[in-house]
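Please read the structure below before turning to the comments.
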Amino acid sequence: MRCKLCNSFVFLVILSIAFSLDDSKWLINRIKRSEGTELILDEVNYDKWARPPTADGSATTVSVRIYVYFLGAIEAQNLQYTAHILVRYRWLDSRLSHSNGVIEGEETLRNKLWTPHLYLVNEHDSTIMGTGKEDVLVSIQTDGTVLYSFRLKMKLLCLMDLQKFPFDDQKCPLELESWGYNTSQLVLDWEKDTPISVNKELQLTEYSLVDSWTNKSTNDYSFINHEKGNINLDNSKFSGNYSTLTVHFHLEREIGHYIMDYYVPSIFLVVVSWVSFWLDPNAVPGRTTLGTSTMLTFITLSRNIGSSLPKVSYIKATEYWFLLCTVFIFGSLVEFAFVNSIWRRKQTVEVKKKNSKYILKSTLTPQQKRKAYGRPEDRSLPTSTESLSSNQNRGSVQTLSITSISKDPLPYNIPVEEERHAKKSISKGVFTMTPQEVAQWIDRRSRLFFPLAFVFFNCVYWIFVWF
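Numbering (mature numbering (1 follows the signal peptide of the UniProt record, and there is no 0)), first residue to last: -20 to -1, 1 to 447.
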């Protein structure tokens, strides 16, 4: 038993010594690298505020590569999105050439070197990921090439076009630009080999990443000729062209949520409003309740869908859809009010033919205008016995003579030609419909007209949002 305890103790001692030796080696190597860096910097009298010199005096070139870990939290309300990325800068600083192998360090080493002053143009907020210094990595090659890498978590502005929301796609940029050096001093360029890489397992909640690409450009910050006091802004060190690198993310919105939670329910509500056409025109409580309840439900549904969007000056696709559905639901209410008012009329409707044109015309035309003849009280009556004769010199039409109001069955004269015309019209026949028949006829036509019109406007709408 004692032998086993002794063996275990010896094993632990040996293991601790081994780990101590490894830690010592790591610490010694770290000290050597630090001392090597200090020696290099001291030998060349390194000035971290001075830009790396070039052989021909041209601008320093900084090559950039970006790896995208994550894209998400795209906030349309604030016009911004979140990104987690790894950025790596590469440039040549001939003052740091050495023969001691690759020197690596973290934030402490970076603070001793010259680094390019770059910033995110469309940045809303950004922080270096992690809390330790290990989130920054710097390595110096033997030829003086410096690799500076760091991880960023940031919120970037994205000016979104929401005209086709929720069938929209957005192109959100990530812009890097030189801050302290114009193009005569520093030029930004993308790495020729894979300048942008995206995590293959990247999953977004509301969007899908369709594509990403890079481009480079220059921004002109030359000031207009203007002097403020004794300072000429044209000669400012900040005027001139500045090198810019941009990554574009093409994002396409996933529409499944909106189809199932907004469009399908709204279509059902419009269809439900048409049930009113199958109810009796005199069923006031049922048809009124059906129309108002569908209208209020649809308005509530539409308010929820647009609550997460910013207030914009143009009309979005969802608002066109809202207007379309509102017109059809409100139209069913108006149709009910119309047929109910007809249903409650007492007088029959006379029509020439039983088709839409004549039925609607006769229904909408006031009763007095539809009466051509047969209403003696509307005409002026002779007050004394007189003889109405034709004027032979003028060649007017023949008239009937009236000698006495009490003896003549007709109280006034009808020209012969008009009398013949009236008889001819009556011989053709006039159809009569009761108000109830007219109301039911309008309901039957509405059962066909409303669905066909809704299908037509749907075709126009979906062509608009998809193309």
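Every residue gets a Cβ at the ideal spot worked out from N, C-alpha and C, and that includes glycine.
Quick caveat, the model's predicted, so the values are computed rather than measured.
Under three-state DSSP, which class holds residue i?
i	result
I285	helix
P175	coil
H78	coil
P290	coil
I295	coil
T224	strand
L93	coil
S219	coil
D36	coil
T328	coil
D105	strand
W442	helix
A402	Any reading at A402 must be qualified, since the residue scores a pLDDT of 40, below 50, and its modelled position is unreliable; no value is offered.
F447	coil
W301	helix
Y238	helix
R10	Only weak support is given to the placement of R10: the predicted model assigns it a pLDDT of 49, under 50, and the value that follows is read from those uncertain coordinates. Three-state result, R10: helix.
R31	coil
N320	helix
A419	helix
A263	coil
L432	helix
Determine which residues share a DSSP beta bridge with residue i and list them.
i	result
V44	Y69, W170
L51	A63
W258	W258 pairs with nothing; no bridge assigned.
N195	T226
V116	F130
Tell me the residue span of the beta strand (DSSP E) that contains residue i.
i	result
S246	Here S246 belongs to no beta strand (DSSP E); instead the alpha helix (DSSP H) covers 244 to 253.
F411	411 to 413
Y201	Taken as a continuous stretch (DSSP letters only), Y201 belongs to no beta strand (DSSP E), as it is neither H nor E.
G85	83 to 85
Y99	98 to 100
Applying the 10 Å Cβ sphere with the 16-neighbour rule, what's the burial state of residue i?
i	result
M240	exposed
G236	exposed
F308	buried
K351	Any reading at K351 is ruled out, since the residue's pLDDT is 48, under 50, leaving its predicted position unreliable.
A317	exposed
V82	exposed
G271	buried
P96	buried
Q60	buried
K135	buried
F130	buried
E181	exposed
F444	exposed
N195	exposed
A30	exposed
V314	exposed
L7	Confidence at L7 is low in this model, with a pLDDT of 38, below 50, so the placement of that residue is unreliable and no value is reported for it.
V250	buried
T298	buried
In terms of residues, what are the limits of the alpha helix (DSSP H) holding residue i?
i	result
N58	Segment: none, N58 is in no alpha helix (DSSP H) and carries neither H nor E.
E234	Careful: E234 lies outside any alpha helix (DSSP H) and carries neither H nor E.
Under 8 Å, Cβ to Cβ, is there at least one residue of chain C near residue i?
i	result
R68	As a matter of chain content, chain C is missing from the structure shown, which is built from one protein chain.
Query raised in the report: What runs of the beta strand (DSSP E), each 3 residues or longer, lie entirely inside the segment 121 to 191?
Result: 125 to 137, 149 to 158, 166 to 170, 176 to 178
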